[in-house]
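Engineer: In our numbering, the protein residues as written are -1 to 235. Beta carbons are placed, not taken as given, at the ideal position from N, Cα and C, and that holds for glycine. Because the structure is a prediction, the values reported are computed rather than measured.
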Ligand SMILES: C[S@@+](CC[C@H](N)C(=O)[O-])C[C@H]1O[C@@H](n2cnc3c(N)ncnc32)[C@H](O)[C@@H]1O
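#1: Flag this pair as yes or no: are the beta carbons of residue 7 and residue 94 separated by less than 8 angstroms?
#2: As a quick exercise: from 205, 124 and 24, pick the residue whose alpha carbon is nearest that of residue 219.
#3: Let me know the alpha helix (DSSP H) ranges lying completely inside the stretch 4 to 30, each 4 residues or longer, listed in chain order.
#4: For residue 130 and residue 179, I'd like the C-alpha separation in whole angstroms.
#5: What's the C-alpha gap between residue 48 and residue 215?
#6: Within the present structure, is the beta-carbon of residue 42 separated from the nearest heavy atom of ligand 1 by less than 7 angstroms?
#7: State the CB to CB distance for the pair residue 68 and residue 98, rounded to an integer number of angstroms; the pair is presumed to be in contact (CB under 8 angstroms).
#8: Taking C-alpha atoms, which residue in 153, 151 and 114 lies nearest to residue 138?
#9: If we ignore side chains and look at the alpha-carbon of each, how far apart do residue 105 and residue 117 end up?
#10: Closest to residue 186 by C-alpha separation, out of 164, 196 and 176, would be which residue?
#11: Does residue 77 come out as helix, strand or coil in the three-state DSSP assignment?
#12: Measuring only from the beta carbon, is residue 204 closer than 7 angstroms to any heavy atom that is part of ligand 1?
#13: When burial is assigned at 16 or more other CB atoms within 10 Å of the CB, is residue 1 buried or exposed?
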């Protein structure tokens, strides 16, 4: 049964716009646009038991996935994002739920194993398409991952049954509505990026959210690829 939040907490939740629907521990959720408990989470194959593990959620927004890892037993969770308006929201969520997830306002490029440590599990969902330096980011992610990274990456897929396009590394560049360049690799190209960065094995989980690529209508579509990239063949999460 839902137990209402103290009035003070309800008022503080209501002062923000929310993106993710975050469980508040009493059956209530933050009033976000996306309920990832029902949509993205079931697709990820996030390990059920993360007892004692260290987890990094890159581009965590309000921290839904990092907090879910904590709920599954993770001992140390760091969430980072580059939007400073998230500092207050993440602090409020930790105050309400008692979560120990640490939130840091920094970009993927700022991550430094000497300062931040390395993590058994890295979560990197739906951030790649926002990056100006995608190759650099994948290198950094490899450096802070000790075992496995769970990623969601927009990829380009040939509409026709184009054997060469499917098996050879390709990429296209599209523009966002604001004119920003968006780099879209195909799957073989992204697997090469992972391998060059030091990941040794990949479990391809699924693709979802097919949509048109503006300007490339006849030949390509865009989909989101979900995968687990492993640093070592034998020790995987
Ligand atoms: C579409 S949201 C995805 C949020 C969350 N990972 C999820 O799947 O719900 C993209 C997030 O990436 C963050 N982001 C964009 N560029 C980043 C960067 N260079 N370093 C860290 N986070 C970044 C944005 O601020 C935003 O919160």
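Structural biologist: In short, the structure shows the following:
#1: In this structure, residue 7 lies near residue 94, with their beta-carbon atoms less than 8 angstroms apart.
#2: Selected option, being the one with the closest Cα: 205.
#3: Taking 4 residues as the shortest admissible run, the stretch 4 to 30 contains the following complete alpha helix (DSSP H) segments, listed from N- to C-terminal end: 5 to 12.
#4: Straight-line measurement puts the Cα of residue 179 at about 8 angstroms from the Cα of residue 130.
#5: C-alpha separation (whole angstroms): 42 angstroms.
#6: The answer is no for residue 42.
#7: The distance from the Cβ of residue 68 to that of residue 98 is about 7 angstroms, consistent with a contact at the 8 angstroms cut-off.
#8: The candidate whose alpha carbon is nearest that of residue 138 is 114.
#9: When rounded, the distance between both Cα atoms is 16 angstroms.
#10: Relative to residue 186, the option among 164, 196 and 176 whose CA is nearest is 164.
#11: The answer is strand: DSSP assigns residue 77 an E or B state.
#12: Every heavy atom of ligand 1 is 7 angstroms or more from the Cβ of residue 204, so no.
#13: Residue 1 should be labelled exposed.
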